[in-house]
Every structure is written in C-alpha cells, then in structure tokens.
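Numbering (the numbering used here) for the sequence shown: 10 to 369. The beta-carbon is built from N, C-alpha and C at its ideal position, and this holds for glycine as well. Everything on this sheet refers to the single structure shown next.
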Amino acid sequence: MFFTLHSEHKIGYKKLSNADLGLTEGSSHQTHIGLYERKNMLSFLKNEDITTAILIYNDYFDVLQCNFERIQNPDGTYRSPKISLGDKDENTVVRKIREFAKLNPNRDYYLIWFALENNELLFWLIDNSSSDYAKLKDFFPTESTVYDTSEIMFIPLIKIIESKIDELSIGLQEDLEIVSQTSIKSEKYRTIDIEKAQERFKITGRTGEELINEYLEMQKNENLISAFEWVNKSRESGKPFDFVVNSTVGEEKYIDVKTTQFKFEQPLMFSDGEIDFINTIDEKKYSVYRVFSLREDTNKFRKCFECFNYMQNLESKIFNFKKEIQSASSNVCGIKIAVPPTSLVFKKISADIILKGVAK
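So this is what it looks like as structure tokens:
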C-alpha cells in the first residue's frame, strides 16, 4: 500500500481511559474519544467533519466512518479535537474500538493517530498484551501527547507502520483494484483514492501487456509462433482482445491479457463487448493470459482456455437483462462482470509460466 505521512508530520499517542473505551460504570456515558491538539494537528479538517479513517488493531484492518469534531469553548473558539461514537447504526472508529475493548476489558489500550498524504486519518489501536505494543512503546516516552516527527525516532517508527499497513491492507487493496475498474460507487473509499487506484491499474494493465509482448517475442524467436500483433501498442484500441497471434501453421488466435498486482484468484473483469466477442469465435482461438503477483519479484502468468459454455450462459443473462431494461424505455450503456478465474469458467488453466529474462 502506498504510504506517505501528511505534510504536518505529527503523530498522536494516548493511553485510553475507561471513559474513552465506554467501560466506565455508573453515571458516565461519554460518547467520544478525546484526542490532543498541538500546532494545529489535523487542521485540514473542519471543526465538525464526517470523514473516513483506517482502523488497525492486531490483524484487523478496515476503513470506517469517523465523526470528527473540535470541542467548542464558551466564547465560540475551538480547542482539542475528538472522535465521536455516532448513531447506533453507524459503523464508526469509536464504536469499533469499544467493541474490541469490551472483549478484553482488563487490558490497557493505547491509540496512535495521524493523517496520510491524501488527508485520510489512520488510527492504530494497541493493547499492552500485544506484540505491536512491545514494538512501539519505546518510541513514545510520554503516554499522552502529540509528537512532532523531529522529536521521536521517526524513520524506524515509519518503517514499522509501513510494514503493518502493507501486511494487513492486501484485502482492501484487492477490493479497490476491482472498484477502480467499474463505475461502482462506494462510501468506503474517497473519490481521490479511487482515481489513484484507476491510475495505478492503468499502469498495471500496461505492464502486463508489455510482459506478454516480450514473452511472445521470445516465442517468435524460438519459432513457436510465426507472427503476432500487439493491438494496443501505440494506443488503446478498444478491441476485445490485446494480441492477435499467428501459429506456425497459419492459424489466427486471440489473447486477452488481464493483469493484477495480487494473487491469481483475483476476479477477472469482462465487459459485455468482450463477452459478445468470445461468443462469436471458436473457443480454441481465444485465451486469457492472466498475469499476476506483480508485487513480487518473479513475473508469471497462467494461460486460461475454453470458456465458451460459461460465457454463452453469461451472454444470455446479459441479453435478458438488457431487454428488460429496454422495456422500460431505457438502455444499458456498458456492463462490467467480475468473473472468478477457476474451472467453473475455464476448462483448461495452465501451471504458472515464469517470464524468465523479462524485466518489469
């Protein structure tokens, strides 16, 4: 996950009270967790703001609603910020923290918070029995304050934070990769995050095609194929395939390269145009080259063949859906379908093919 601390370069650290955690018995019904103010930390947020924030706790990692506000003084000015519980049907950072605390109420809980470059907040909840606490406690000599990064061992601390985020955020990144390829609206992600994911996916897709282009060049040099054309070499062609390959016996075949930074099992995205095309040709002339695990050092892919039966059934369902929409005097302008790269779809899937000698 791309990680950059906000330009304000401040990190908050607090030992949470029982009131913060919602564990106080008696008359106290505190509905917020108080944060600390120092040199305008989180000044980019409004005095009252509903935003999203990442919450980490042990192996938990998710994006939740964050109800942020600053405490108002009698004279109308504002002081220390806080994050609030919200309504009972809201999945907020405070509500989730309190859920964790109630599972083990006898532990001491600490909260680290800071802003990322994209103005998203990150909260890291740790308890005194965890390995995270053992790693982090020595970085913060005072239990409750806001640190300027010049006051602490900043670089080693950031490396620990980066490692933790990268370890836990894979599922979220996989989901964002899918969202970035569709027009799905999600309250979970900011528009700017989706736009950045779209840009990264363009680079990912181009990298996958470049790798397969070099692979086919090697195939051609070894006389395993006679010729091929990369239809998107100069610009995106809009065609429902990426390569046309001529075999040594003159047979023409089509390859669609579908690339992911993540594991092979990440869903494949097909447009209705691609599904229509697959259903117009001999299935033995079409294959998907699934390039995956670009985050790793080894470039690899699998060839996926013979998906006609699945795509024919899918096309029928899409046709019926479009027809139903048209009966309401409307039209469907493009469909994206997430398809699992499994034997349910493809009759044949090759073993991993390592792209030896091919540079990213």
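Excluding the 5 residues preceding and the 5 following residue i in the sequence, name in chain order all residues of the same chain whose CB lies nearer than 8 angstroms to its CB.
| i | result |
| --- | --- |
| Ser352 | Ile358 |
| Ser139 | Asn67 |
| Asn27 | Thr33 |
When you compare the CB positions of residue i and residue j, do they come within less than 8 angstroms of one another, or not?
| i | j | result |
| --- | --- | --- |
| Val297 | Asp265 | yes |
| Ser178 | Phe70 | yes |
| Ile121 | Ile20 | yes |
| Leu364 | Ile346 | no |
| Tyr119 | Leu25 | yes |
| Leu225 | Ile212 | no |
| Phe149 | Ile167 | no |
| Phe279 | Tyr263 | no |
| Lys23 | Ser153 | yes |
| Cys316 | Phe286 | no |
| Phe132 | His15 | no |
| Asp361 | Arg311 | yes |
| Asn241 | Glu218 | yes |
| Glu261 | Lys293 | no |
| Leu74 | Glu108 | Position check: residue 74 holds Gln in this sequence, whereas Leu was assumed. No; because the gap between Cβ atoms is not below 8 angstroms, this pair is not in contact. |
Since residue i and residue j should fall inside the 8 angstroms C-beta cutoff, what is the C-beta to C-beta distance between them, to a whole number of angstroms?
| i | j | result |
| --- | --- | --- |
| Thr60 | Leu54 | 7 angstroms |
| Phe210 | Glu171 | That pair is no contact at about 22 angstroms. |
| Asn113 | Asp141 | Not really, about 14 angstroms apart at Cβ, beyond 8 angstroms. |
| Pro350 | Cys313 | 6 angstroms |
| Phe252 | Ser302 | The Cβ separation is near 21 angstroms, so there is no contact. |
| Ile174 | Leu145 | Ile174 to Leu145, Cβ: 14 angstroms. No contact. |
| Arg79 | Asn115 | Their Cβ separation, rounded to whole angstroms, is 32 angstroms, which puts Arg79 and Asn115 out of contact at 8 angstroms. |
| Met320 | Asn288 | 6 angstroms |
What does a CB cutoff of less than 6 angstroms around residue i pick up in its chain, not counting 5 residues either side in sequence?
| i | result |
| --- | --- |
| Gln207 | Ser189 |
| Ala236 | Asn255 |
| Thr13 | Glu126 |
| Ile63 | Val72 and Leu131 |
| Gln228 | Ile234 |
| His18 | Thr158 |
| Gly214 | Thr268 |
| Asn128 | Phe53 |
Does residue i pass the burial test, meaning 16 or more other C-beta atoms within 10 Å, or should it be called exposed?
| i | result |
| --- | --- |
| Asn308 | buried |
| Ala368 | At Ala368 the pLDDT is 47, less than 50, meaning the model places this residue with poor confidence; the figure from the coordinates comes in the next sentence. Flag for Ala368 reads exposed. |
| Leu30 | buried |
| Ile164 | exposed |
| Cys342 | exposed |
| Ile334 | exposed |
| Val103 | buried |
| Val258 | exposed |
| Ala385 | The requested residue 385 is not part of the displayed model; the chain covers only 10 to 369. |
| Asp202 | buried |
Spatial neighbours of residue i within its chain, please: C-beta separation below 7 angstroms, excluding the five flanking residues on both sides.
| i | result |
| --- | --- |
| Asn76 | Ile59, Ile92, Ser93, Gly95 and Thr101 |
| Leu220 | Val300, Asn308, Leu364 and Val367 |
| Ile327 | Asp281, Ile284 and Ile344 |
| Ala337 | none |
| His41 | Lys91, Ile92, Ser93, Leu94 and Val103 |
Less than 8 angstroms between CB atoms is the rule here; does residue i satisfy it with respect to chain B?
| i | result |
| --- | --- |
| Ser93 | No chain B appears in the structure shown, which is made up of a single protein chain. |
Does the contact criterion of 3 or more C-beta pairs under 8 angstroms hold for the segment 87-106 versus the segment 42-59?
yes
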